[in-house]
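Listed in order, the protein sequences are those of chains A and B. In terms of UniProt numbering, the first sequence opens at residue 1 and continues consecutively. In terms of UniProt numbering, the second sequence opens at residue 1 and continues consecutively.
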Amino acid sequence: MMRFASAGQVALVAIVVLYLAAVYVLPSQVWMGFTINALVVAIIALSWNVTGGFGGMSSFGHAAMYGTGAYASAVLQVQYGVNAWPAFAAGIVAGALMGAFIGALSFRYGLKGSYFALVTLAFAEVLRICASAFEITGAGRGLQLRLDPGLATLQFNSDRTLTYTLLLILVALVMALTAWIKYSRFGAYLVAVRENEDAARALGIDTYRVKVVAMAISGAFGGLAGVVYLQLWLFIDSAVVFGVAISVAALIGPIVGGAGTVWGPLIGTLGLHLLGEGAKTALHNAPGLNFVLYAIVLIVALRFLPQGLMGLAGRIGAFGRKGGSDA
Amino acid sequence: MTHTINRRGLLKASGAVALTGALMSPAILRAQTAAIKVGVLEPLTGNLAYNGNQCVAGARFAAEAINAAGGIKSMGGAPIELVVVDAESRPEVAAAAVDTLVEAGVCAFTGSSASALGLASSQAAAKYDLAQVFSVGTAEAIVERGLPNVFRFTPGVEKISAVAMENLGLLNAAAGNPVKTAAIVHEDGPFGSQLSGIVEEALPQLGITVVEKIAHPTPHRDFNNIALRVKASEADILIPTNYLNEYTLMTRALQQQRVDLKAIYSVLGGAASNIKFVRENKDMAQYVIDCNHWYDPRKEQSKALAASVAAAGLDMTYDVMVAYAVIQVVADALERGASADRKAMIDALAASNFDGSIMPYGPTKFVNGDNVNSRPVNLQVRGDEIEVIFPEEYATAEPVFPRPSQG
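Below, the structure written as structure tokens:
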């Protein structure tokens, strides 16, 4: 995973790992609660990274997969009394199917770039409206899981340390799969599609299939994030899981952290959340100013760090190979 | 006669001075008593920021009034200190913010302007045995989870819609049943969808037929088609359930399209009980009726609150009133329990029979966390004022129903 990493990147990753470990022993529970929230967003950021980072298919509507996963699981549990475990798996599958569906439809008609971005945004909006219109999804009232903590119901709200540990394992698992994709033949195909789709097709790569499969994998990760959110907070409504905010959160983490890298989405998401939380703590008497600071840092990062924090770290003490920025 | 100062005399004099000072200066004593921290978890940013900030203002006015009146007397006059945390209009942030409140040492907290936020925060607070007294949270799920730390002082959606329909029936009957058909316009989120569904089921029992039901998203800017559909339906009454901006645009479109309705009767409408709407849309607002949270305007504390809100240049909205009242409930629990311990606060709130709040409620009685003696009131815009028209014992004006023809 860390092949060709520079000293700067190793240091950056080490800081993140140390922080994640420190949360266990920090005297304040505030950091654990905040980090749990950040890790859920990190999963959807990792989801975006598969298509946006590796494949160059920048989506503005990853909430479509996130919300589909959450709603599929919630509907099964609330309306049909299905156990949380199969509902959890169904949410991931539903996210994957939604990703594949959006991909198949978009790529069949050759949508790419900003057109693809806009159509994903439209899908998320249509799903938001549908979720708020039909009885099965709570018709705008949202769906709430019955509070019943335990292993059988996949509710661990009463034990934050266990919740945090399970989330860390999930994030590590998604990152491992991301690394596997990155260094697999499929990952190479994806990068080829990103760099020059016509050339990739000329070399015999079935670019349509590659892109649809990437969307399905991304959708599965997105669905996973949505199901995790549902199991943590036990309540969803259309605005919460299909809203634009989650689509934006999905893409800014990888962009700031380093799109197309394994660690970038996690580092970017955690970094932005830490910045926001730090600003909120420092400016607690001026609500909203933390968002202003957040936005300024984001603009600066976008302007001066085209490869994100991983790219910046890659330029510090690079070894292994020039640039060393693909950790 | 000469006076000599010896050690014993000096000690006596010092003791007398100290005793006199203590008796004459209760304020100094109070200042020495540790403040009791009460949390206020509201959305100060995001799409619910207006309501959240109004709630914080209401809570501050209440804390100031309680402290000025001598603080919590059973605890040596301890003043209330508010710990305000931003829920950012996001459920997961509201839940995480509970950690901040616990570490700040609050004995209980109020909030959170929306059911989704309160559902998440109260659940997170349950593991700390930390009480949440809901300011606004109308979803019934709030009090259906069996959480002992949940206390909803204000009425939920089922009670509000039931009272609203009952009062509509009374108004209509008193006027000779001029209203026979209704159109429902609602926003398509959790709030509007749930309420409109209940109202749609209840209207036929009043002898009123629903001839049109129209959902719209939030935000929504062009209400001309909706106004034309309402006009075409020839409904006698319009029952809207949406937020302030949409409510304003909707009533403007109705006026422009000359839709002649016998009444506009909203449930938790937000706009007909919002003085900003009345101030900025005086003609359109006339005779609009709403069923909503509201205080008893005849009480002295209510009048004092209204004066404070006006002096601060704020809008007098139900958020301010409700937030003020829930701090009163918390203060009463502190007074009776004489303890800021979190578990003791839950016990004190569960046994609350407080009847000194600014709301038009009977003594507080929490059953499964829901105050069974809470109730909404009917309001009607009249001139520059929002008047209480129902129930009669709190009314400040006679209802005008149906309204005079707008043509």
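Virtual Cβ for every residue (Gly too), placed ideally from N, Cα, C.
C-beta atoms of residue i and residue j nearer than 8 Å
{"i": "Met-250 (chain B)", "j": "Ile-289 (chain B)", "result": "no"}
{"i": "Leu-266 (chain A)", "j": "Val-16 (chain A)", "result": "yes"}
{"i": "residue 335 (chain A)", "j": "Val-191 (chain A)", "result": "The structure shown has nothing for residue 335 (chain A), since chain A only spans 1 to 327."}
{"i": "Trp-263 (chain A)", "j": "Val-23 (chain A)", "result": "no"}
{"i": "residue 334 (chain A)", "j": "Ile-217 (chain A)", "result": "This structure cannot speak to residue 334 (chain A), because chain A is shown only from 1 to 327."}
{"i": "Leu-101 (chain B)", "j": "Ser-122 (chain B)", "result": "no"}
{"i": "Thr-33 (chain B)", "j": "Gly-70 (chain B)", "result": "no"}
{"i": "Ala-183 (chain B)", "j": "Glu-201 (chain B)", "result": "no"}
{"i": "Val-38 (chain B)", "j": "Val-106 (chain B)", "result": "yes"}
{"i": "Asp-319 (chain B)", "j": "Gln-54 (chain B)", "result": "yes"}
{"i": "Ala-67 (chain A)", "j": "Ala-131 (chain A)", "result": "Correcting the residue identity first, residue 67 (chain A) is Gly in this sequence and not Ala. Yes, Cβ-Cβ distance for Gly-67 (chain A) and Ala-131 (chain A) is below 8 Å."}
{"i": "Gly-356 (chain B)", "j": "Asp-332 (chain B)", "result": "yes"}
{"i": "Ala-141 (chain B)", "j": "Gln-144 (chain A)", "result": "yes"}
Residue range of the alpha helix (DSSP H) that includes residue i
{"i": "Arg-252 (chain B)", "result": "244 to 256"}
{"i": "Thr-68 (chain A)", "result": "63 to 80"}
{"i": "Tyr-265 (chain B)", "result": "Taken as a continuous stretch (DSSP letters only), Tyr-265 (chain B) belongs to no alpha helix (DSSP H), being part of the beta strand (DSSP E) at 263 to 267."}
{"i": "Ile-66 (chain B)", "result": "49 to 68"}
{"i": "Ile-160 (chain B)", "result": "157 to 174"}
{"i": "Glu-280 (chain B)", "result": "275 to 280"}
Length of the line joining the Cα atoms of residue i and residue j
{"i": "Ala-5 (chain A)", "j": "Gly-314 (chain A)", "result": "7 Å"}
{"i": "Asn-274 (chain B)", "j": "Asp-296 (chain B)", "result": "16 Å"}
{"i": "Ala-27 (chain B)", "j": "Gly-118 (chain B)", "result": "Because the pLDDT of Ala-27 (chain B) is 49, which lies under 50, any placement of that residue in the model is unreliable, and the question is left without a value."}
{"i": "Val-329 (chain B)", "j": "Leu-349 (chain B)", "result": "8 Å"}
{"i": "Ile-72 (chain B)", "j": "Gln-257 (chain B)", "result": "56 Å"}
{"i": "Gly-260 (chain A)", "j": "His-216 (chain B)", "result": "40 Å"}
{"i": "Lys-262 (chain B)", "j": "Ile-389 (chain B)", "result": "17 Å"}
{"i": "Asn-371 (chain B)", "j": "Arg-382 (chain B)", "result": "31 Å"}
{"i": "Val-82 (chain A)", "j": "Pro-149 (chain A)", "result": "16 Å"}
{"i": "Ala-174 (chain B)", "j": "Val-309 (chain B)", "result": "36 Å"}
{"i": "Val-17 (chain B)", "j": "Trp-294 (chain B)", "result": "Summary for Val-17 (chain B): the model assigns pLDDT 47, below 50, so the residue's position carries little reliability; its value from the coordinates is reported in the next sentence. Cα-Cα distance, rounded: 49 Å."}
{"i": "Met-1 (chain A)", "j": "Gly-156 (chain B)", "result": "Per-residue confidence for Met-1 (chain A) stands at a pLDDT of 45, beneath the threshold of 50, marking its modelled position as unreliable; the derived number appears in the next sentence. Near 53 Å, if we compare the C-alpha coordinates of Gly-156 (chain B) and Met-1 (chain A)."}
{"i": "Ser-115 (chain B)", "j": "Thr-154 (chain B)", "result": "12 Å"}
{"i": "Ala-22 (chain B)", "j": "Ala-78 (chain B)", "result": "Confidence is the limiting factor: at Ala-22 (chain B) the pLDDT is only 48, short of 50, which leaves the residue's position unreliable and the question unanswerable from this model."}
{"i": "Trp-48 (chain A)", "j": "Gly-278 (chain A)", "result": "26 Å"}
{"i": "Glu-81 (chain B)", "j": "Arg-152 (chain B)", "result": "22 Å"}
{"i": "Ile-255 (chain A)", "j": "Ala-152 (chain A)", "result": "37 Å"}
{"i": "Asn-157 (chain A)", "j": "Leu-76 (chain A)", "result": "21 Å"}
{"i": "Asn-292 (chain B)", "j": "Pro-399 (chain B)", "result": "15 Å"}
{"i": "Ala-219 (chain B)", "j": "Pro-404 (chain B)", "result": "Checking the displayed sequence, the identity of residue 219 (chain B) turns out to be Pro instead of Ala. Taking the straight line from one Cα to the other gives about 31 Å."}
{"i": "Thr-207 (chain A)", "j": "Arg-185 (chain A)", "result": "13 Å"}
{"i": "Asp-222 (chain B)", "j": "Val-133 (chain B)", "result": "38 Å"}
{"i": "Asp-188 (chain B)", "j": "Leu-334 (chain B)", "result": "40 Å"}
{"i": "Leu-154 (chain A)", "j": "Glu-393 (chain B)", "result": "51 Å"}
{"i": "Phe-60 (chain A)", "j": "Val-10 (chain A)", "result": "31 Å"}
{"i": "Ile-246 (chain A)", "j": "Ala-63 (chain A)", "result": "6 Å"}
{"i": "Asn-51 (chain B)", "j": "Ser-196 (chain B)", "result": "22 Å"}
{"i": "His-273 (chain A)", "j": "Leu-289 (chain A)", "result": "14 Å"}
{"i": "Leu-293 (chain A)", "j": "Gly-276 (chain A)", "result": "8 Å"}
{"i": "Ala-286 (chain A)", "j": "Lys-280 (chain A)", "result": "8 Å"}
{"i": "Asn-167 (chain B)", "j": "Lys-303 (chain B)", "result": "26 Å"}
Cβ separation of residue i and residue j, assumed to be a contact under 8 Å, to the nearest whole Å
{"i": "Gly-308 (chain A)", "j": "Gly-258 (chain A)", "result": "3 Å"}
{"i": "Leu-379 (chain B)", "j": "Ala-272 (chain B)", "result": "6 Å"}
{"i": "Met-65 (chain A)", "j": "Gly-219 (chain A)", "result": "4 Å"}
{"i": "Ala-120 (chain B)", "j": "Ala-94 (chain B)", "result": "5 Å"}
{"i": "Gly-58 (chain B)", "j": "Met-321 (chain B)", "result": "6 Å"}
{"i": "Thr-241 (chain B)", "j": "Ser-266 (chain B)", "result": "6 Å"}
{"i": "Lys-141 (chain A)", "j": "Ser-193 (chain B)", "result": "Checking the sequence, you will find Arg at residue 141 (chain A) rather than Lys. About 6 Å; that satisfies the 8 Å criterion."}
Span of the beta strand (DSSP E) around residue i
{"i": "Pro-240 (chain B)", "result": "237 to 241"}
{"i": "Ala-312 (chain B)", "result": "It is not in any beta strand (DSSP E) - Ala-312 (chain B) carries neither H nor E in the DSSP assignment."}
{"i": "His-186 (chain B)", "result": "181 to 187"}
{"i": "Val-84 (chain B)", "result": "80 to 86"}
{"i": "Arg-382 (chain B)", "result": "377 to 382"}
{"i": "Arg-152 (chain B)", "result": "150 to 152"}
{"i": "Ile-389 (chain B)", "result": "385 to 390"}
Test: residue i CB closer than 8 Å to a CB of chain D
{"i": "Ser-193 (chain B)", "result": "Protein chains in the displayed structure are A and B, and chain D is not among them."}
Would you say the stretch 202 to 218 of chain A touches the stretch 149 to 161 of chain B, given that touching needs at least three Cβ pairs under 8 Å?
no
Would the stretch 82 to 94 of chain B count as touching the stretch 43 to 55 of chain B if we require 3 or more Cβ pairs under 8 Å?
yes
The stretch 295 to 302 of chain A in contact with the stretch 55 to 74 of chain A per 3-pair CB rule at 8 Å:
no
Between the stretch 164 to 171 of chain A and the stretch 34 to 46 of chain A, do at least 3 Cβ pairs fall closer than 8 Å?
yes
If we count Cβ pairs, one from each stretch, closer than 8 Å, do we get three or more for the stretch 231 to 239 of chain A versus the stretch 100 to 109 of chain A?
no
Count the C-beta pairs between the stretch 122 to 138 of chain B and the stretch 339 to 348 of chain B that are closer than 8 Å, then say yes if the count reaches three, no if not.
yes
Between the stretch 247 to 254 of chain A and the stretch 135 to 148 of chain A, do at least 3 Cβ pairs fall closer than 8 Å?
no
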